[in-house]
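Residue numbers (numbering that gives the first Met the number 0), protein chains in the order written: chain A, 0 to 287; chain B, 0 to 528; chain C, 0 to 505. What follows is a single structure, written as structure tokens, with notes after it.
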Amino acid sequence: MSKSNKHHMGIRTLNRVSNGAIYTLLAIISIIWLIPFVFIVLQSFRVENTYQVGYVIPQQWGFQNYINLWNSDFKRWYLNTFIIALAAAVLQTVIVLCMSYTLSRFRFKLRGPLMRFMLILGMFPGMLTMIILYRVLADLGLTQANAVPGLILVSVASSGMGYYVSKGFFDTIPKSLDEAARVDGATRLQVLTKIILPLAKPIVIYTILTAFMGPWGDYVFARYVAFGTSSGYNVAVGMYSWLTNDQIDRMYTTFCAGGVIVALPVTILFLCLQKYYVEGVTGGAVKG
Amino acid sequence: MSKNRGSNTGGSRIGSLLKEYSDAGYLRLSKLQKFIYKILRFFCSIPRAVGGFFVKLGRIVKKAAISLADNIKDIGATFVHGDWKTKTSFFIMGFGNIARGQVLRGILFLLFEIVFIVYMITAGGYWLSMLPSLGKQGPEQGYDPVLDTYTTLYHDNSFKILLYGVLTIFFIIALIYTWRLNVEQNKLAEKYLKDGKKLKSDKEDLRSMVDENFYKTLLALPLTGILVFTVMPIVFMILVAFTNYDGAHNGFSNNLFTWVGLDNFNTLLSWQSAGGGQSYSATFGEILAWTLIWAFLATFTNYFLGMFVAMMINKRGIKLKKMWRTILVMTVAIPQFISLLYVSKMFAKNGLINLTLKDTLGWISQPLPFWDDPTWARVTVILINVWIGIPYLMLITTGILMNIPADLYESARIDGANAWQQYTKITLPYMLFITGPYLLTSFTGNMNNFNVIYLLTGGAPTNPKASGAAGSVGYTDLLITWLFKITTGAESQYYLASVVGIMVFVVVALISLIVYNVLPSIKNEEDFQ
Amino acid sequence: MKKLLALIMALAMVLSLAACGDGSTPSEGEGDGGGSADISGTYDVVIWAPEAAVDLTKSQVEDFNKSNEYGITINATVEPVSEADAATNMITDVQAGGDLYFFAQDQLSRLIQAGALSKLGTSAAQFAKDNNNAASILAAQSGSDLYAYPLTADNGYFMYYDKSVVPDSDVDSLEAIIADCENAGKNISYELENAWYTAGFFFGVGCHSDWVTDDDGNFISIDDDFNSDKGLIAAKGIQKVVTSKSYVNSSTADFASGSAVVVTGTWNYATIKDQLGDNFGVTDLPSFEVDGQSYHIGSYSGCKLLGVKPQTDATKGAAIARLAQYLTGKDCQLARFNSFGWGPSNKDALADPAVTADPTLAALNEQGNYAVPQPNIHGSWWDIAKVITTDIKDSDGSEAALKAALEKYEQSIEAVFTMSDDVKNAFTVIGSINGDGWTLDLPMTADGDIWTSNEAYTMDAGVEFKCRQGKSWDVAYPADNYVVETAGTYYIQLNAATGEVTLIPA
């Protein structure tokens, strides 16, 4: 038990913390948070060496690394990832909304068992199921060069498990709205499309945003599915190989340039839609 | 650090908490006592719960048996008393529906039966028959003397047999269920017609799909996906734990694999030294301990620091709130494989941080062993995880902090509570109550946080004690990254990884169960609505 | 009703999976075995080559298409797959892997075991043996068979150094180099927590670690003396490096990030040359001193190999073999040397003046006097041996601690051969069957106490053999060798309860 002495000191300091101190602290935190990104951007413009060096600011600035990117398979990887992200954003959102809306609004016999079952399923580490999913995709012909549809299929198919956040959001929409509409003779479908969906705009955007962001970082499974076929890689798989021992000295700055190109659109999109993301997270995530 | 003014809780009192309190007695306890009491009660109740579980299990089995008997009786009765349409439906599914005008239902039933029969004849029968042996004939090498070339003939594939065998069983269960549904529908239809009621027309059926049965329509696609791409792989994974599937028995291009019973569980849980190093069970125990420590620290450092940052930004009078938030939130937006890989290189022994400290600033003479020393590596991983996690927590807590009713603080201030007291009396309890479920999912999520460990350290530094265990175990390895290493290591012991996977499940489930029983706010989801 | 809908959907999914799935169950034969030796035609071939070699490989295949005399046209898809990852990728799914792939030799046994390498035909093996140096042939060999074509013989390591920190007069002494770097506040990049580098110290003091494999790529035993008095000297050498404040466990081109010495191979030449400019130095590894005696640090010398995936079609297999021979021939090896400095294994290419004049290959060559050709190594050894360094680094530095590290290493190695009960209990036939000289254990299958050989063997009169248990001589029947009296083709049968051996005519 830390005794009250400490607490009182804490109180006094807390009380005395002026806004000035908070600003200082926030500034320090901001710097720490931004440093790696600033460094990546700086190094992506470095022309003189392609390997890791002990300084940050380039001696010679230029777009050489971006030109290298353009001449590599990166274009293809980027397109692949973009397609996956787009498809996942649309399809996952549909699936997640179906699932979460149903579990929030309908009371049917198997609802409880179903939710418990999915909770239990979620406790299994997904890592191992990779080899089975690979085999299923291989038999459907959706691996290697066809990895893109394969990755879309897998990411969409099991997305129903991630209904928690949006269910939490739907739970906050009063049920009386549904009931009023039902009394007026609307079908359940009409209730969903005419009444609930317009109200659920924040969570729809949140779901689209998170689904869109996911594929940009997908590495392990994507590598498994596209193994040995460059045309099926996504950015993470392709760029990861640049940091292996035999390539890092040639590709390090190119990796940084790639990082900038990957992060830029996602970050801009994210910052534009930040409001909805915050609403989604605070509205749904904590309720689970 | 909860407040225990009034009753002096020492360790000595904890013993007395073991006795069961009446409601009145319980209410007199302090918060800490209540908390400890609940945890102790939970452990005390385990034997009873386990006993209860078996009693319940017995009841369920009994109930299932009775229900099975009832079902069979009902099916028999339906057949005996049914008219010719119903009787025909026993063999040609959907016949009764079609004959009674419910064409749509009937066709679906019939289609399902036809597809099933075709499938079983063309493929299902083969997979099912091979399931007990997982294949008979491995690949064969041939030699063509004219072309002076070796060839390989492939035969059975254990992997596919297991996979499609499982699928076929799923399929058979589906057929039995559908057949039963078909019989039931015939019985009901007959009864309805006898009573002079009208059956639902196809049009009404279709309409109900978007109305009272709308939930079935909505769930069909998501649940099919989950069944095929989540449930089936997990069943497969569990089954692999009972085979000898590994690099030397990959089931197709070298040797077939087969069932080995509980051998793999014995291997993992045995105390025998695994190849010069410590035993598997000791390695497993070490990794599990670190996994739990990591999950605990990762969850709570993020939680409290995130809350702290949120409170700073939210403080009245602080300007540019949006800018501060945006800066932090950028880490959420940038894909982890970029930010983590970059940061990992930054902290390397010859990375940017060490070089700056050593050469540019001259503060240190030797590079700091961020990734080379077990303790350093563990601390660094947790710190970098804070960097990744705070923004997210900041967002979550911001929303909740703003929702705390202002009058609570107002009345506290009138009572003379200072900032710290306000925090511990109002903010923290409120936060903990609301975020209880989130903390649990976050804890289990961190236990399986593959990305942070894999991208930052890859498990390094190597743990020499565990050298005999599969894969190369490191001090920062979590169970999930170890599992990954086992499958990608030199011997690719999928069976062992599968056992570890099952163990991870057991641990996560156990923790969830405990928390579920101790924390009240998780139990009742309706409370939130 | 909607349940039905869901079921139908599930069903469609199942069906489509199964329909694709069962296509490969009944395996079809490989076509004509005899027939003519005409192998002309067009073949689709997937080649996995390291990123740097992709373009060159494409043009080499074009050249092959133009110049080959067999009428073969190869329609090649060349994918960038690092030679270090080839095994991991092949093992994911052998069927979907590359038909031809570059790989580093340490993956040979894993690949054979996974059924991912096709044995070379007699003439192809002869071609490889005639044209490549002995060490590279050893690398591609398991038992008495060749499983791959040598591509390079440059997979070794030596020392690059910064002349402004380490003067040329110091480069022969490990102690001097360490002192120079420590004084200058510079690092020594030496990836000793990687068994490939760890082992060098042991070879330097005269230790050996030899693995024995059978023709199927299975490891039978290891002859290893790292845990010995000599080994202790090596451990002391390792200790000198890893306890220095300059030690960095790395083998990348670190001269721009604080290192003055990097132990690595030819692949980093261009980068390091660029980093060091006028201060560029390259030489063989130094010597270290223990108890007044000097030991030159050894190393592994190894190869990159070109592997062929097992083919179901003999004609395609023969065509690919021709392509593989072309790609590993003198001209292609020299082209790779000229493009990115890969040191050839081809004897003629090695004699080329450009090759002999190359500074890194010269250093490699010099180091070659202390290098051990890398044999076929059990996959788990890499994880076991690297721990020696970790143990030394973490120890209190006493001699007892070093001994303990070596002791543990030995135990771990032995445990690799702790056989499963299945293998321990199984009987095998060993003898002069098929002209073998008592080296091969032929498998038998049990039915209760009755063990029967899996195959029937054609044996002349006078052939001798025994049936033994667990590949050891503790339990072996009959007591004296069984001698075949009448030539013929027989199954060999053993009654394990009585020890009686009989021949069953096939």
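C-beta: ideal position from N, C-alpha, C; glycine also. As the structure is a prediction and not an experimental result, all values here were calculated from the model.
On a Cα-Cα basis, can you pick out the residue from the options that is closest to residue i?
| i | options | result |
| --- | --- | --- |
| Phe105(A) | Asp177(A), Ile204(A) and Thr228(A) | Asp177(A) |
| Leu270(A) | Ile204(A), Ile130(A) and Leu152(A) | Ile204(A) |
| Leu305(C) | Ile296(C), Leu326(C) and Thr314(C) | Leu326(C) |
| Asn79(A) | Gly258(A), Trp215(A) and Thr266(A) | Trp215(A) |
| Gly444(B) | Ser44(B), Leu454(B) and Leu477(B) | Leu477(B) |
| Glu190(C) | Ala178(C), Ser245(C) and Ala152(C) | Ser245(C) |
Counting only the same chain and skipping the five closest in sequence on each side, list residues whose C-beta sits under 6 Å from that of residue i.
| i | result |
| --- | --- |
| Phe108(B) | Met92, Gly93 and Asn181 |
| Asp31(C) | With a pLDDT of 35 at Asp31(C), under the threshold of 50, the modelled position of this residue cannot be trusted; read the value that follows with caution. Same-chain partners within the cutoff: there are none. |
| Gly123(B) | Thr167 |
| Ala75(C) | Val44, Ile46 and Val60 |
| Ser343(B) | Leu455 |
| Lys166(A) | Ser99, Leu102 and Ser103 |
Output, in chain order, the set of chain C residues within a Cβ distance shorter than 7 Å of residue i.
| i | result |
| --- | --- |
| Ala137(A) | Asp92 and Ala95 |
| Thr487(B) | Thr87 |
So for residue i, helix, strand or coil by DSSP?
| i | result |
| --- | --- |
| Pro79(C) | strand |
| Asp201(B) | helix |
| Gly40(C) | strand |
| Phe38(A) | helix |
| Phe283(B) | helix |
| Ala445(C) | strand |
| Lys108(A) | coil |
| Phe251(B) | coil |
| Pro352(C) | helix |
| Pro148(A) | helix |
| Trp293(B) | helix |
| Ile119(A) | helix |
| Tyr490(C) | strand |
| Arg99(B) | coil |
| Tyr494(B) | helix |
| Met544(B) | Residue 544(B) lies beyond the residue range present for chain B, which begins at 0 and ends at 528; the question has no answer from this structure. |
| Lys348(B) | coil |
Since residue i meets chain B, which of its residues come closer than 8 Å, beta carbon to beta carbon?
| i | result |
| --- | --- |
| Cys97(A) | Leu217, Leu218, Leu220 and Pro221 |
| Ile131(A) | Leu162, Met231, Pro232, Phe235 and Met236 |
| Pro35(A) | Ser338, Tyr341, Val342 and Met345 |
Name the chain B residues that come within less than 9 Å of residue i, Cβ to Cβ?
| i | result |
| --- | --- |
| Thr266(A) | Met329, Ala332 and Ile333 |
| Gln310(C) | Thr148, Tyr149, Thr150 and Thr151 |
| Asp129(C) | Here the premise fails: no neighbours, minimum Cβ distance about 15 Å. |
Take residue i and list the residues in its own chain whose beta-carbon comes closer than 8 Å to its own, dropping the five residues that flank it on each side.
| i | result |
| --- | --- |
| Gly121(A) | Met160 |
| Glu29(C) | Annotation note: pLDDT 35 at Glu29(C) (below 50); position unreliable, coordinate value reported separately. Excluding residues within five positions, the ones whose Cβ falls inside 8 Å are Thr311, Asp312 and Ala313. |
| Met129(B) | Lys135, Asp155, Ile160 and Gly164 |
So with CB distances below 8 Å, who are the chain C contacts of residue i?
| i | result |
| --- | --- |
| Asn253(B) | Gln112, Ala113 and Gly114 |
| Thr461(B) | Glu192, Lys385, Val386 and Thr389 |
Quick one: measure Cβ to Cβ for residue i and residue j, integer angstroms, because I've assumed they're closer than 8 Å.
| i | j | result |
| --- | --- | --- |
| Ile97(B) | Gly134(B) | Actually they are not in contact, since the Cβ atoms of Ile97(B) and Gly134(B) sit about 42 Å apart, beyond 8 Å. |
| Val308(B) | Ile413(B) | Rounded, the Cβ-Cβ distance is 29 Å, inconsistent with contact. |
Could you name the residues of chain A that residue i contacts, counting a contact when the two beta carbons are closer than 7 Å?
| i | result |
| --- | --- |
| Ser128(B) | Those within 7 Å of Ser128(B) in chain A number zero; the least Cβ separation is about 19 Å. |
| Asn267(C) | Asp248 |
I want to verify the contact list: residues of chain C whose CB lies under 9 Å from the CB of residue i, in sequence order.
| i | result |
| --- | --- |
| Gly246(B) | Ile90, Arg109, Gln112, Ala113 and Gly378 |
CB-CB under 7 Å to residue i, same chain, minus the five flanking residues each way: which ones, in chain order?
| i | result |
| --- | --- |
| Tyr65(A) | Ala256 |
| Glu525(B) | With a pLDDT of only 43 at Glu525(B), under 50, the local geometry of the prediction cannot be trusted, and the value read off the model is given with reservation. Around Glu525(B): no qualifying Cβ. |
| Glu406(C) | Asn226 |
List, in chain order, every chain B residue whose beta-carbon is nearer than 7 Å to that of residue i.
| i | result |
| --- | --- |
| Ala133(C) | Chain B residues near Ala133(C): none, gap ~23 Å exceeds 7 Å. |
By the criterion of Cβ-Cβ separation under 8 Å, what are the contact partners of residue i in chain A?
| i | result |
| --- | --- |
| Val262(C) | Simply none; closest approach about 13 Å. |
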